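S.K.:
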Amino acid sequence: MQNYQSAIKLVSNQLKQRFDQLLLSETTRPRIQPVVIKRQMPRFQIDLFTRRSLESHFLVKLQLMPTSDMGQVTNVIGHLSLFKDSKILLTTLDNVTYLITPSLIRYIEKR
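Numbering (my numbering), first residue to last: 27 to 137.
1. Taking only runs that begin and end inside the stretch 58-97, name each unbroken beta strand (DSSP E) of 3 or more residues, in chain order.
2. Residues in its own chain within less than 6 Å of residue 80 by CB, not counting five upstream and five downstream?
3. Going by DSSP, which residues form a beta bridge with residue 136?
4. In the structure shown, what three-state DSSP assignment does residue 108 receive?
5. CA-CA distance, residue 115 and residue 122?
6. For residue 76, does the count of other Cβ atoms within 10 angstroms reach 16, so buried, or fall short, so exposed?
7. Residue 125 lies in the beta strand (DSSP E); which residues open and close that run?
8. For residue 116, list the residues DSSP reports as bridge partners.
9. Could you check the C-alpha separation between residue 131 and residue 44 for me, to the nearest Å?
10. Within 10 angstroms of the Cβ of residue 86, are there 16 or more other Cβ atoms? Answer buried if so, exposed if not.
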């Protein structure tokens, strides 16, 4: 009986250590960078930079407006391409595609 209880205690301690190591260690947690909210660029400047990025295929960083009152500002890095009806496709380096309108762009910069 003594050996059975000590074996259960040993397994329990090992499970607790592995759980703590897996879920509570700092190295496994993703580092979340706070979003620095940039000032709203004037519309003419956004249009100019968007047009130049489309022509030259620059890698750009966009800060997008929240899509709802509860939403948050989002930073996205990728390449722009033109879509029909003045919509823009933004393809990130991870091959995620966003369909946006120029009115959703808060800030644009070349990377």
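For glycine and all other residues, C-beta sits at the position ideal for the given N, C-alpha and C.
Bear in mind the structure is a predicted one, so any value in this text is a computation, not a measurement.
M.R.: Here's the rundown:
1. Qualifying beta strand (DSSP E) stretches, in chain order: 85-90.
2. Excluding sequence positions up to five before and after residue 80, its CB lies within less than 6 Å of the CB of 106 and 108, all in the same chain and listed in chain order.
3. BP columns for residue 136 point to 86.
4. Three-state result, residue 108: strand.
5. CA-to-CA, the gap between residue 115 and residue 122 works out to about 10 Å.
6. Buried: at least 16 other Cβ atoms inside 10 Å.
7. It spans 123-126 - the beta strand (DSSP E) in which residue 125 sits, taken as one unbroken run.
8. Residue pairing for residue 116: DSSP places it in a beta bridge opposite 106 and 124.
9. Their Cα atoms are separated by approximately 45 Å.
10. Around the Cβ of residue 86, a 10 Å sphere holds 16 or more other Cβ atoms; the residue is buried.
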